[in-house]
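Heads up: the structure comes next, in structure tokens.
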Amino acid sequence: MVLFDIVEGLPQGKTLDIAEASPVDNFDATLTGANDYADIKGADIVIVTAGLPRKPGMSRDDLIATNAKIMQSVSEGIKQYAPNSFVIVISNPLDAMVTLCQKITEFPSSRVMGMAGVLDSARFAAFIAWELGVSVKDVNAMVLGGHGDTMVPIIRYANVNGVPVMELIERKYNGDKAKAKEVMAALVKRTQGAGGEVVGLLKTGSAFYSPASSAIAMAEAILRDQKRLLPVCALLNGEFGVKGYYVGVPCVLGANGIEKIVEFSLDAEEQAMFDNSVAAVKELVDSMK
Ligand SMILES: NC(=O)c1ccc[n+]([C@@H]2O[C@H](COP(=O)([O-])OP(=O)(O)OC[C@H]3O[C@@H](n4cnc5c(N)ncnc54)[C@H](O)[C@@H]3O)[C@@H](O)[C@H]2O)c1
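Each residue of the sequence shown is one higher than the last, beginning at 4 in our numbering.
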């Protein structure tokens, strides 16, 4: 595993720190810190986190000019030294940065994807589990659309081991449907603002652990050919009525990267939210031109 950064000593120090945990955690990986793209030569998978994070009060979109320049050099390095790799982009604004990375690398879209939905869905699932007092292991919940305030939590299919979440919330509040809707609206709002909530607490820097775990879940699905169905920021070619834009949708991830984009019908309310989210993505991406 190679950790790359432009700051000298930083990736070397981080990898040494991780490597020194190996006897405790029982792993024999070779870890290298690098400041030269030549060191990523032949990588199977590249996870891109280069770029500024938000400061309190900033939106992800405020990062676009600075991070686009960074993404350009990173993508060129990947294209030159890891031409057969799968790329998982994490840098924000996510939907724009993954678009740029695919354009510059010219890799097939099945090999260039963004990580947002796994994290946004994990956040939604965590908030549901805490509201209901159940294990996070049993909550299934998915968030689609762009990785911004317009993201679309799919409430209709959220469930706890098959039992619909909305029914469980209604029962918790003695059948009060209005109260249940209010509670769910708060969970959705918290999910949409969850990245900002962490930024607001940290003051400098954004979430680390949950985005890292989410990207690793995607990388494992590809490297181990797991055929997992995960929400992935993928280039759409007519699916969900969208063409030529990266948007978060359910995908099957396996040895060939994005092996399938899985479509399903949205109801009127979900479709309206999805359209709104896609419009925000288009505005953001088109602003780069
Ligand atoms: N997609 C998501 O869900 C998600 C979640 C969390 C963070 N993020 C985004 O990920 C990015 C990184 O966040 P972070 O908290 O790790 O920030 P960070 O500041 O800790 O790390 C970013 C690193 O990028 C490096 N860098 C700067 N220019 C570079 C270049 N040209 N080439 C290579 N590296 C370069 C910096 O030296 C720095 O070490 C941010 O844009 C953040 O908004 C996305």
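Here a beta-carbon is modelled for each residue, glycine too, at the ideal position from N, C-alpha and C.
Just tell me which of the options has its CA closest to the CA of residue i.
| i | options | result |
| --- | --- | --- |
| Asp289 | Asp98, Ala188, Ala224 | Asp98 |
| Leu233 | Asn143, Asn279, Val139 | Asn143 |
| Tyr160 | His150, Ala53, Val146 | Val146 |
| Pro56 | Ala71, Arg174, Thr153 | Ala71 |
| Gln274 | Leu13, Ala53, Gly148, Asn164 | Gly148 |
| Ile158 | Gly136, Asn164, Gly199, Lys184 | Lys184 |
| Ala222 | Asp31, Gly36, Leu269, Val92 | Val92 |
| Lys292 | Ala68, Arg231, Ile48 | Ala68 |
| Pro14 | Ala271, Thr52, Ser268 | Thr52 |
Which residues in the same chain have their Cβ closer than 6 Å to the Cβ of residue i, if we skip the five residues on either side of it in sequence?
| i | result |
| --- | --- |
| Asn95 | Arg63, Leu66 |
| Asn279 | Thr153 |
| Val137 | Val163 |
Keeping to the same chain, check which residues put their C-beta closer than 7 Å to that of residue i; ignore five residues upstream and five downstream.
| i | result |
| --- | --- |
| Phe130 | Leu190, Arg193, Thr194 |
| Ala125 | Ser213, Ser217 |
| Ser209 | Pro56, Arg57, Gly198, Val201, Val202 |
In whole angstroms, give me the CA-to-CA distance for residue i and residue j.
| i | j | result |
| --- | --- | --- |
| Gly257 | Gln229 | 5 Å |
| Asp141 | Arg227 | 23 Å |
| Met169 | Val201 | 26 Å |
| Ile9 | Gly80 | 12 Å |
| Glu266 | Asp28 | 40 Å |
| Asn162 | Asp39 | 46 Å |
| Asp2 | Val186 | The requested residue 2 does not occur in the structure, where the chain is confined to residues 4 to 292. |
| Lys175 | Ala22 | 47 Å |
| Met118 | Glu109 | 19 Å |
| Pro86 | Asp20 | 29 Å |
| Gly165 | Val250 | 27 Å |
| Ser25 | Ala132 | 32 Å |
| Ala181 | Pro167 | 17 Å |
| Thr18 | Asp123 | 28 Å |
| Ile73 | Gly12 | 19 Å |
| Glu272 | Glu262 | 28 Å |
| Asn295 | Glu242 | Outside the shown range of the chain, which is 4 to 292, sits residue 295, and nothing can be said about it. |
| Pro111 | Arg231 | 20 Å |
| Ser268 | Thr207 | 40 Å |
| Ala215 | Gly16 | 18 Å |
Is the CB-CB distance between residue i and residue j below 7 Å?
| i | j | result |
| --- | --- | --- |
| Val101 | Cys236 | yes |
| Met61 | Val155 | no |
| Gly54 | Leu6 | no |
| Leu238 | Val245 | no |
| Gln105 | Val115 | yes |
| Leu171 | Leu135 | yes |
| Gly151 | Ala283 | yes |
Note down, in chain order, each residue of its chain lying with its Cβ closer than 8 Å to the Cβ of residue i, except the 5 sequence neighbours on either side.
| i | result |
| --- | --- |
| Thr33 | Met4 |
| Ala41 | Tyr84 |
| Lys285 | Tyr248 |
| Asp31 | Ser25 |
| Ala188 | none |
| Leu287 | Asp64, Ile67, Pro96, Asp98, Ala99, Gly149, Gly151 |
| Asp270 | Arg159 |
| Phe211 | none |
| Leu113 | Per the sequence shown, the amino acid found at residue 113 is Ser instead of Leu. If we look at Ser113 and ignore the five residues flanking it on each side, its Cβ neighbours are Asn259, Gly260, Ile261, Glu262. |
Just to check my reading of the structure: residue i and residue j have Cβ atoms closer than 8 Å, yes? What is that Cβ distance to the nearest angstrom?
| i | j | result |
| --- | --- | --- |
| Ala46 | Ser88 | 5 Å |
| Val281 | Ile264 | Actually they are not in contact, since the Cβ atoms of Val281 and Ile264 sit about 14 Å apart, beyond 8 Å. |
| Gly260 | Ile219 | So it is not a contact: roughly 16 Å between Cβ atoms. |
| Pro59 | Gly198 | About 12 Å; that fails the 8 Å criterion. |
| Ser76 | Leu103 | With a Cβ gap of about 11 Å, Ser76 and Leu103 do not count as contacting. |
| Val90 | Val49 | 5 Å |
| Ala43 | Lys82 | Here the sequence assigns Ile to residue 43, which means Ala is not the residue at that position. So it is not a contact: roughly 11 Å between Cβ atoms. |
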